[in-house]
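Reading through the structure tokens given below for one structure.
Residue numbers (this note's numbering): 124 to 260.
Dropping the structure here:
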């Protein structure tokens with residue numbers, strides 16, 4: 124049986140993705156979360172906008188399903204900038220991330236989901252290079 128024939132599938136259908144995007148909050152005021160953290164985010168965003176600067180680096184972490192992706196989209200929306208999204212496992216080589224960085228517009232938000240998977244890939248890359256360097260020496 125192919126995936127398209129299954130009633131239950133791991134991958135969302137196109138209609139589900141559209142509905143999901145429609146019901147996700149777009150503004151920080153609509154985001155349900157820890158009030159103190161949300162207030163701090165509002166201050167960070169407001170200050171960056173007043174200074175006409177990009178928002179400082181932001182690390183959002185936690186288990187799946189807590190709204191990290193939604194929060195990243197809200198930050199980009201509140202700042203009035205684009206969001207570029209990728210996933211750690213997609214970034215197979217160190218150069219993959221460099222390619223994404225060179226294509227960013229000023230103030231764009233870069234959201235990398237599943238960073239630990241990217242870290243494992245980089246670690247493998249560095250270990251291979253270290254073995255080659257050790258062998259040459």
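Beta carbons are placed, not taken as given, at the ideal position from N, Cα and C, and that holds for glycine.
Since the model is a prediction, treat every value here as computed from it, not as a measurement.
- When rounded, the separation of the alpha-carbon atoms in residue 230 and residue 156 is 25 Å.
- Look at residue 219 here: in three-state DSSP terms it is helix.
- Looking at the backbone, the Cα of residue 220 and that of residue 146 are separated by about 30 Å.
- Excluding the 5 residues flanking it on each side, residue 149 has same chain C-beta neighbours closer than 6 Å at 200, in chain order.
- Burial check for residue 197: the Cβ neighbour count within 10 Å reaches 16 or more, so the residue is buried.
- Beyond the five residues adjoining it in sequence on each side, residue 232 comes within less than 8 Å, by CB distance, of 178, 195, 198, 199, 202, 204, 205, 206 and 207 in the same chain, given in chain order.
- Secondary structure note for residue 197: its alpha helix (DSSP H) is the uninterrupted segment 191-202.
- A residue is called buried once 16 or more other Cβ atoms fall within 10 Å of its Cβ, and residue 184, having fewer, is exposed.
- DSSP places residue 234 inside the beta strand (DSSP E), whose first and last residues are 232-236.
- Bridge partners of residue 207 according to DSSP: 233.
- For the pair residue 228 and residue 234, the Cα-to-Cα distance works out to about 14 Å.
- In this structure residue 181 is exposed. Its beta-carbon is surrounded by fewer than 16 other beta-carbon atoms within 10 angstroms.
- As the crow flies, the alpha-carbon of residue 222 is around 30 Å from that of residue 173.
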